[in-house]
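For reference, the structure is listed below as structure tokens.
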Amino acid sequence: MLRWDRTAPLLSAALAVALAVLPVRATDDETTRALSALKSVTKEGKGNEDAGPAWKTLVSKGGAALMPALEAFDDTNPTATNWLRAAVDAIAEKETTAGHKLPVEKLEAFAKDTKHAPSARRVAYELLVSQDATAKDRLLPGFLNDKSADLRRDAVARELGAIEKAARPSLRADLEKLFAYARDKDQVDLIAKKIGETGGAASVSEHFGFVTHAAVVGPFDSTGGKGFATAYPPEAARDASGTFKGKGGAEVKWVTADTTDKYGKFDLNRIVPKGAAQDRYTDAVAYALAVVVAEAETPCEIRVASATAVQIFLNGKKLFEREEYHHGDALDANIGRGVLKKGENVIVLKVCQNSQDQEWARVWSFQMRVCDETGGPLPLKQKITADNKDKIVPLGYIPDAPATKEEKK
Amino acid sequence: MTRFILTVTLALTLALGLRAADWAQFKGPNASGVSPEKDLPVEWSKDKGHKWKSPLPARGVSSPVVYGDRVYVTCSSGVRDDRLHVVCFDANTGKQLWHRQLQATGGTAAHPKSCMAAPTPVADDSGVYALFATGDLAAFDADGTLRWYRSLVGDYPTVTNQVGMASSPVLVKDRLIVPMDNAGESFIAAVDTKYGKNVWKAERPREINWVTPLVRTVGTATEVLFDGPSGLTAYDAGSGEQRWVSKLTKGSIPTGVLDGDTLYVPTAGVTAFKLGAKGPEGAPVMKADKLQTGMPSPLVYLGKVYSTNGRGLVSCAEVKTGKLLYKEGLKGAFSASPVAGDGKVYLLNETGTCTVIDGKADTFEILASNDLGGETLGTPAIANGRIYIRTDKALYAIGK
Numbered sequence: 001m002l003r004w005d006r007t008a009p010l011l012s013a014a015l016a017v018a019l020a021v022l023p024v025r026a027t028d029d030e031t032t033r034a035l036s037a038l039k040s041v042t043k044e045g046k047g048n049e050d051a052g053p054a055w056k057t058l059v060s061k062g063g064a065a066l067m068p069a070l071e072a073f074d075d076t077n078p079t080a081t082n083w084l085r086a087a088v089d090a091i092a093e094k095e096t097t098a099g100h101k102l103p104v105e106k107l108e109a110f111a112k113d114t115k116h117a118p119s120a121r122r123v124a125y126e127l128l129v130s131q132d133a134t135a136k137d138r139l140l141p142g143f144l145n146d147k148s149a150d151l152r153r154d155a156v157a158r159e160l161g162a163i164e165k166a167a168r169p170s171l172r173a174d175l176e177k178l179f180a181y182a183r184d185k186d187q188v189d190l191i192a193k194k195i196g197e198t199g200g201a202a203s204v205s206e207h208f209g210f211v212t213h214a215a216v217v218g219p220f221d222s223t224g225g226k227g228f229a230t231a232y233p234p235e236a237a238r239d240a241s242g243t244f245k246g247k248g249g250a251e252v253k254w255v256t257a258d259t260t261d262k263y264g265k266f267d268l269n270r271i272v273p274k275g276a277a278q279d280r281y282t283d284a285v286a287y288a289l290a291v292v293v294a295e296a297e298t299p300c301e302i303r304v305a306s307a308t309a310v311q312i313f314l315n316g317k318k319l320f321e322r323e324e325y326h327h328g329d330a331l332d333a334n335i336g337r338g339v340l341k342k343g344e345n346v347i348v349l350k351v352c353q354n355s356q357d358q359e360w361a362r363v364w365s366f367q368m369r370v371c372d373e374t375g376g377p378l379p380l381k382q383k384i385t386a387d388n389k390d391k392i393v394p395l396g397y398i399p400d401a402p403a404t405k406e407e408k409k
Numbered sequence: 001m002t003r004f005i006l007t008v009t010l011a012l013t014l015a016l017g018l019r020a021a022d023w024a025q026f027k028g029p030n031a032s033g034v035s036p037e038k039d040l041p042v043e044w045s046k047d048k049g050h051k052w053k054s055p056l057p058a059r060g061v062s063s064p065v066v067y068g069d070r071v072y073v074t075c076s077s078g079v080r081d082d083r084l085h086v087v088c089f090d091a092n093t094g095k096q097l098w099h100r101q102l103q104a105t106g107g108t109a110a111h112p113k114s115c116m117a118a119p120t121p122v123a124d125d126s127g128v129y130a131l132f133a134t135g136d137l138a139a140f141d142a143d144g145t146l147r148w149y150r151s152l153v154g155d156y157p158t159v160t161n162q163v164g165m166a167s168s169p170v171l172v173k174d175r176l177i178v179p180m181d182n183a184g185e186s187f188i189a190a191v192d193t194k195y196g197k198n199v200w201k202a203e204r205p206r207e208i209n210w211v212t213p214l215v216r217t218v219g220t221a222t223e224v225l226f227d228g229p230s231g232l233t234a235y236d237a238g239s240g241e242q243r244w245v246s247k248l249t250k251g252s253i254p255t256g257v258l259d260g261d262t263l264y265v266p267t268a269g270v271t272a273f274k275l276g277a278k279g280p281e282g283a284p285v286m287k288a289d290k291l292q293t294g295m296p297s298p299l300v301y302l303g304k305v306y307s308t309n310g311r312g313l314v315s316c317a318e319v320k321t322g323k324l325l326y327k328e329g330l331k332g333a334f335s336a337s338p339v340a341g342d343g344k345v346y347l348l349n350e351t352g353t354c355t356v357i358d359g360k361a362d363t364f365e366i367l368a369s370n371d372l373g374g375e376t377l378g379t380p381a382i383a384n385g386r387i388y389i390r391t392d393k394a395l396y397a398i399g400k
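The listed protein sequences derive, respectively, from chains A and B. Under the UniProt record's numbering, the first sequence has 250 at position 250, and the numbering climbs by one with no breaks. Under the UniProt record's numbering, the second sequence has 354 at position 354, and the numbering climbs by one with no breaks.
Structure follows, in structure tokens:
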């Protein structure tokens with residue numbers, strides 16, 4: 001038989017534990033519900049009525065909600081991610097203003113865990129560094145091959161500094177290794193230049209995976225901009241064969257073109273055959289066809305730069321389109337996401353030109369590359385035709401380049 | 001004339017629910033560029049003459065906006081320019097009160113001079129509404145609470161302008177007017193300020209356009225006037241219904257000025273029309289065809305109309321006649337629009353030099369030339385007896 005005087009303290013302690021636990025449990029539920037509401041927002045503000053109060057609830061939880069909010073980035077849409085992004089800012093701001101230390105161990109573990117969303121890991125890393133500046137040197141070496149473009153960029157920048165400072169005999173090899181990790185054009189160019197200064201050579205074109213050989217056909221009519229929405233036969237082409245009725249009823253056929261530009265630029269005003277009196281095209285459509293060879297089924301991004309409207313097709317399926325003219329031709333501005341099948345894949349790029357007559361609107365060109373989701377090289381080849389013979393070479397292959405991966409092998 | 005302009009400005013600000021001293025949107029009260037503030041500063045430098053200076057997290061070409069004791073600024077950063085910042089400062093001390101970041105969900109390509117923080121935010125009693133060139137749109141309460149967020153490119157995926165968008169949102173009572181002219185799905189929309197949902201959305205031509213809408217009251221209706229390459233369109237602020245279209249003006253970069261029932265537009269220099277219920281009535285009432293406009297919007301102040309441009313030219317003409325009073329060259333290009341108050345006109349060039357001229361004089365009278373250094377592309381704000389200027393690195397509150 002239990003004695004009350006001995007049982008009471010035990011019951012009191014149990015009750016105290018229960019009371020202490022219950023609010024925590026309630027908080028967890030509230031946090032879960034808040035995160036769920038934030039992750040439920042969709043288009044045109046749908047879900048905003050619930051998301052606003054949920055955001056407040058989440059932020060009111062303070063530091064306890066920081067890691068759950070970061071984790072919630074993993075499986076949500078870009079709209080919801082921004083609700084979470086702002087909540088993380090508010091929580092961290094509130095905690096630091098209150099003099100509380102952020103959970104540096106958890107943030108570090110989170111930043112290093114590549115299962116989490118790259119954008120969330122970047123946020124965690126920055127919060128960590130705000131609390132512990134030494135974390136940069138500790139973590140960045142591990143981010144050289146990261147899916148987060150920003151973490152990778154910082155890692156490459158730090159490593160480049162370290163390599164140059166060390167000035168080891170292995171400088172060229174170290175730079176070549178680092179070159180493979182670089183993704184941003186400025187860093188790629190800089191490291192390639194430094195490799196050149198050591199007597200080596202790095203192929204920027206191969207690194208980016210530019211298509212350097214294509215079959216081109218055109219012009220087709222795009223008077224009044226109609227060509228963008230008109231599916232001319234080459235759109236479904238599976239090879240560079242056949243002739244077509246082009247602009248003005250003229251017969252047009254495929255011509256092959258190569259570029260030696262290290263950024264893979266093709267000038268359609270030069271490539272597309274035209275009359276002697278004509279030095280440029282207006283109101284026209286051209287198609288460029290490239291054959292890319294994959295050793296296995298490979299998810300890829302087909303990234304295109306062009307000052308004019310484009311559509312990207314992979315094996316007959318449209319992946320992307322943008323109808324915009326002469327507003328710039330930033331690298332990678334147009335991205336089609338798809339999956340390459342094993343063997344030969346046909347990529348068709350439709351490039352439209354409009355009727356603008358300004359000098360700067362004469363540009364009718366494109367760059368196209370095939371890469372992974374980080375913008376990095378994939379083990380792909382391209383089929384080129386030279387001297388009436390088909391040849392398989394790496395993407396980015398430029399015949400007269402000083403040293404290509406092919407040659408290094 | 002001064003009294004008339006001040007009266008109109010006051011009436012307009014009251015109509016829009018703003019307090020006289022606030023500079024709540026692009027170019028202040030209804031984009032006039034004119035403040036009723038007094039005792040505004042004349043001289044300053046990077047080391048003196050300012051109440052405070054606070055660092056900014058990143059670059060931006062939007063203007064600071066001031067509402068009560070809050071100053072709001074937007075910035076964008078990152079090698080891809082895909083980090084979007086909204087920062088709130090105490091207007092009197094410069095203390096940073098909060099800083100929120102968003103991840104760009106739209107394209108970030110732009111002319112190198114611009115960036116994703118190009119549209120100017122708009123503020124009211126409740127907080128601030130920040131639109132970015134990426135189509136990301138957010139409403140924050142004054143304490144930094146995120147009230148709502150929209151990804152306009154997520155909603156309308158063809159939205160694109162690789163030169164960079166810069167039209168600024170404006171407020172009409174409880175509706176946020178969002179201009180989104182671009183090379184893809186173009187529209188102007190009113191979203192409710194509480195939840196950010198569309199109240200109405202009007203289709204627009206697929207043309208890029210950097211003009212900011214103006215607001216006017218006609219009888220019992222409130223009109224949103226939106227100029228663009230295809231003409232000037234008036235929308236009913238309540239329903240979004242198109243009330244009239246005029247082809248007399250075709251703007252694309254600078255924003256016009258509405259002064260009472262006269263609309264000054266940067267067409268053929270600066271041209272003024274009387275607006276009736278159905279738009280411009282008759283021939284222009286003023287043509288200042290010798291004014292040379294560029295990216296900056298014109299300014300109408302104390303009976304004169306001013307324009308600045310990318311070659312450092314300052315032009316001034318009489319409002320009554322359009323007669324050119326002077327055209328002077330200053331060092332440096334202008335991107336920021338001229339603003340005025342307290343009888344002074346402030347001309348901020350792109351490299352931090354603000355030339356203050358006498359707005360009462362019919363001749364070009366320089367009162368001071370003040371150098372802050374740094375890049376200054378955003379139009380200054382005038383409030384609390386101060387000029388708020390953002391450089392690429394800092395926000396200055398100039399004055400006492």
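Note that beta-carbon positions come from the ideal geometry of N, C-alpha and C, so glycine has one too.
Which stretch, first to last residue, makes up the beta strand (DSSP E) that contains B:N30? Premise fails: B:N30 is in no beta strand (DSSP E) and is neither H nor E.
Three-state secondary structure (DSSP) at A:A284? strand
Considering Cα atoms alone, identify which of A:A155, A:I335 and A:A294 is closest to A:I302. A:I335
What in chain B is Cβ-close to A:K56, meaning under 7 Å? T145
Do the stretch 165–175 of chain B and the stretch 75–88 of chain A touch if we need at least three Cβ pairs shorter than 8 Å? no
Note down, in chain order, all residues in the stretch 163–193 of chain A with a beta-carbon under 8 Å from any beta-carbon belonging to chain B. D184 and D186
List, in order along the chain, the chain B residues whose C-beta lies closer than 8 Å to that of A:A333? G107, A109 and Q162
Using Cβ-Cβ distances below 7 Å, what residues of the stretch 361–377 of chain A are close to chain B? none
Using a threshold of 8 Å, state whether the C-beta atoms of B:A288 and B:V265 are closer than that. no
Is B:P179 helix, strand or coil when you go by DSSP? strand
Using the rule of at least 16 other Cβ atoms within 10 Å of the residue's Cβ for burial, across every protein chain shown, is B:D181 buried or exposed? buried
Cβ of B:R150 within 8 Å of any chain A Cβ: yes
Unbroken alpha helix (DSSP H) run spanning A:H207, endpoints: V204 to F208
Under 6 Å Cβ to Cβ from B:K247, same chain only, skipping five residues before and after it: list those, please. G231
Contact list for the stretch 206–219 of chain B against chain A, Cβ threshold 9 Å: R206 and I208
With H, G and I counted as helix, E and B as strand and the rest as coil, what does DSSP make of B:N370? strand
Buried or exposed: A:Y397, going by 16 or more other Cβ atoms within 10 Å of its Cβ? buried
Could you tell me whether the Cβ atoms of B:L102 and B:F89 are closer together than 8 Å? no
Just to confirm the assignment, what range does the beta strand (DSSP E) spanning B:V300 have? L299 to Y301
Min CB distance B:A183 to chain A below 8 Å: yes
Do B:W200 and B:S239 have their beta-carbon atoms positioned less than 8 Å apart in this structure? yes
Considering just the uninterrupted stretch of the beta strand (DSSP E) at B:E328, what are its terminal residues? L324 to G329
Which first and last residues belong to the beta strand (DSSP E) in which B:A110 is found? Counting along the chain, B:A110 falls outside any beta strand (DSSP E), and DSSP gives it neither H nor E.
List the residues of chain B that A:W254 touches, going by C-beta distances under 7 Å, in chain order. Result: empty, since nearest Cβ-Cβ is about 30 Å, beyond 7 Å.
Between B:V245 and B:Y306, how many whole angstroms is the CB-CB distance? I'm expecting something under 8 Å. Not really, about 28 Å apart at Cβ, beyond 8 Å.
Would you kindly report the start and end of the unbroken beta strand (DSSP E) that includes B:G279? G279 to A288
8 Å is my cut-off, CB to CB: does residue 480 of chain A come that close to chain B? Outside the displayed span of chain A (1 to 409) sits residue 480 of chain A, for which this structure offers no information.
With a cut-off of 8 Å, does the C-beta of B:Q103 fall near any C-beta of chain A? yes
Below 7 Å CB to CB, which residues in the same chain sit around A:E324 once its five sequence neighbours on both sides are set aside? A309
Anything in the stretch 117–149 of chain A with a Cβ closer than 9 Å to a Cβ of chain B? List those residues in chain order, please. S119, V123 and A149
Pairing CB atoms from the stretch 336–350 of chain A with CB atoms from the stretch 282–302 of chain A, are three or more of them under 8 Å? yes
Bridge partners for A:P68 per DSSP, in chain order? According to DSSP, which records beta bridges pairwise, A:P68 is partnered with nothing at all.
Where DSSP assigns a beta bridge to B:E203, which residues make up the other side? B:F187
Return the first residue and the last residue of the beta strand (DSSP E) that B:A272 is part of. V270 to G276
Could you name the residues of chain E that B:W98 contacts, counting a contact when the two beta carbons are closer than 9 Å? This model lacks chain E altogether; the protein chains it does include are A and B.
Need the endpoints of the alpha helix (DSSP H) that B:Y67 sits in, please. No alpha helix (DSSP H) contains B:Y67, which is instead part of the beta strand (DSSP E) from V65 to Y67.
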